[in-house]
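Residue numbers (full-length UniProt numbering): 1 to 313.
Glycine included, each C-beta is placed from N, C-alpha and C at the ideal position.
Just so we're clear, the structure is a prediction, and the values are computed from it rather than from any experiment.
Here is the structure we will look at, set down as C-alpha cells.
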Amino acid sequence: MTASLRAMMARDVSSTTSRLRQRLNEHGTDSVRALIASIVATEEHRNNYCAEFGPLGAVTQPVTPVADGFQLPTVSGRILIRSGGWQPHPEVTYVPIVEYIGLQVIEPNETYDDPYVIFSVTTLNPNHTGDDDLAAVAKIGPLDDIAEDAVVPDTITIWEDRIVAGTGIKVTAAVFDQDLGDPDEVREKIEEKVKEYARKGASAIATAFGAGGDEAGQIAGSELVTWGARIISLGIVELFGLGDDVIGRDSKEIGLAELVRLHDQAAFDAAVKIGPGGMKYTHTLEAKGDGHYIVYFRVRSAKVGPIEPPPMI
C-alpha cells in the first residue's frame with residue numbers, strides 16, 4: 001500500500017469518526033446502539049407524530065436504555081425501540097379528564113334568567129381518526145328563574161378517554177339566556193363550527209410536517225397552532241338568528257405539560273380549590289357581557305398502559 005493511499009484511508013477514517021462523534025453528540029449519547037435507536041425514534045416522532053405538535057408532545061430527554069431496548073421519552077409518553085428489530089412503538093401514557101362542575105351568577109342578564117352553558121373542549125391532534133377526537137361540546141341547562149348570587153353545582157364529564165395534541169386543549173364556555181331560541185340547535189351550530197376549526201387546524205399541522213422542514217418550522221409560530229385563530233362559540237346565535245341572548249363567553253388554554261402534571265395526586269391536590277356550594281374545581285371561566293357568570297370546571301389526568309386511576313377528588 002502506497003503512502004498516499006494510507007494517508008487517504010486515514011483521512012476517511014478520521015472523517016467518518018468525526019461525523020459519528022458529531023451524531024453521537026447531537027443525540028446525547030456515546031453508544032452506537034443508542035444512536036441507532038435515537039435516530040429511528042426521532043424520525044418516527046417527527047415524520048409520523050408531528051414532533052411537539054402531535055399526541056406525544058415534545059421530547060423531554062435523550063434516548064435511554066430500558067429492559068427490552070431503548071426509549072425516547074416525551075411529555076405524554078415515549079417511543080420504545082425494542083432490541084433486535086429496531087422498530088418504533090409509540091406509546092401515549094396520559095389522557096386528561098375535563099369535568100364541568102357548576103355555575104355561579106354574579107349578575108344576571110335580567111332579574112331572573114333561564115341560563116344554559118355551551119361547554120367545549122378542543123384539541124388540534126394531527127393524528128386524529130375523526131372529528132370526535134378533536135372536540136367535545138356539551139349543553140348544560142337551561143335552568144329556570146335563576147337570580148343574582150345563585151350557585152348551581154352540577155358535575156358533568158365533558159372529555160375523557162381521548163388523546164390530546166402537543167398544543168394541549170382549549171376549554172370554552174358560552175353562557176346564554178334562553179328566550180325564543182332552541183338550546184339544542186345552538187349547541188349543534190356551535191359544535192359544527194368548533195369541529196370545523198379543529199379539523200382545519202389539525203389538518204394544517206399534519207400537512208406542514210408532511211411537506212418537510214421549512215413548512216413544519218413555519219407552522220410552529222402560526223396563529224393557527226398558537227390558538228390565535230378564534231374558536232367560534234360567541235356571536236353564532238346572532239349569525240344564525242337562533243333567538244337567545246348571549247350573556248358572555250370565555251376560554252382557557254391548558255398546555256400538555258400541565259395536563260400531564262395533573263396526573264400526580266399531590267399536584268392535583270395543590271391545584272384544587274373549594275368554591276361556593278362546596279364545588280371542587282381547578283379552573284374557572286368568566287362569561288361577562290350582558291350579565292356576569294362564573295363557570296367552574298376541573299381537570300385531571302389518568303395514566304394508561306398500564307392503567308392507573310386519576311387523582312382522587
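Proximity of residue i and residue j at Cβ, strictly below 9 Å
i	j	result
G57	T74	yes
S301	V171	no
Y293	I106	yes
G248	D290	yes
L72	S38	yes
residue 325	P142	Outside the shown range of the chain, which is 1 to 313, sits residue 325, and nothing can be said about it.
T29	V63	yes
N109	D154	no
P276	V151	yes
Residues near residue i in its chain [Cβ-Cβ closer than 7 Å; skip 5 each side]
i	result
F53	P126, A165, G166, T167, I205 and V225
residue 317	Residue 317 lies beyond the stretch modelled for the chain, which goes from 1 to 313, so this question has no answer here.
T60	P73, T74 and V75
R187	I118, V137 and K139
Neighbourhood of residue i by C-beta distance below 6 Å, restricted to the same chain and skipping five residues each side
i	result
C50	P126, I205 and F209
A136	V121, I158 and W159
I169	V121, T123 and I254
Q265	P311
G69	I81, R82 and S83
S31	none
Any chain D beta carbon closer than 9 Å to residue i
i	result
A257	The structure shown contains no chain D; it is built from a single protein chain.
Member of the options whose CA lies at the smallest distance from the CA of residue i
i	options	result
V295	R187, V175, V32 and D68	V175
E286	A67, D131, T42 and L103	L103
L180	L134, D244 and P153	D244
T42	R19, Q87 and D68	Q87
residue 318	V98, G277 and H128	This structure gives no information on residue 318, because the portion of the chain shown stretches from 1 to 313.
S203	A34, R46, D131 and R19	D131
A147	I140, P55, L242 and D113	D113
A173	D269, S31 and K288	K288
R46	R78, A270 and L256	R78
Span separating the alpha-carbon of residue i from that of residue j
i	j	result
D149	R298	21 Å
T111	D145	9 Å
L5	Q22	At L5 the pLDDT is 37, less than 50, meaning the model places this residue with poor confidence and gives no usable figure here.
A138	R82	42 Å
H263	K303	7 Å
E44	P90	8 Å
residue 344	H128	Here the chain covers residues 1 to 313 and nothing more, so residue 344 does not appear.
E185	V246	14 Å
N48	L242	42 Å
residue 314	E258	In the structure as shown, the chain begins at 1 and stops at 313. Residue 314 is therefore absent and cannot be evaluated.
I140	I156	9 Å
V40	R33	11 Å
D269	G278	15 Å
Contact set for residue i: own chain, Cβ-Cβ below 8 Å, skip 5 residues either direction
i	result
K280	I101, V272, K273, I274, R298 and I313
Below 8 Å, can you find three or more Cβ-Cβ pairs linking the stretch 152 to 160 to the stretch 190 to 202? Output reads no: the stretch 190 to 202 does not touch the stretch 152 to 160.
Do the stretch 180 to 196 and the stretch 110 to 128 make contact, defined as three or more Cβ pairs closer than 8 Å? Under the three-pair Cβ rule at 8 Å, the stretch 180 to 196 counts as touching the stretch 110 to 128.
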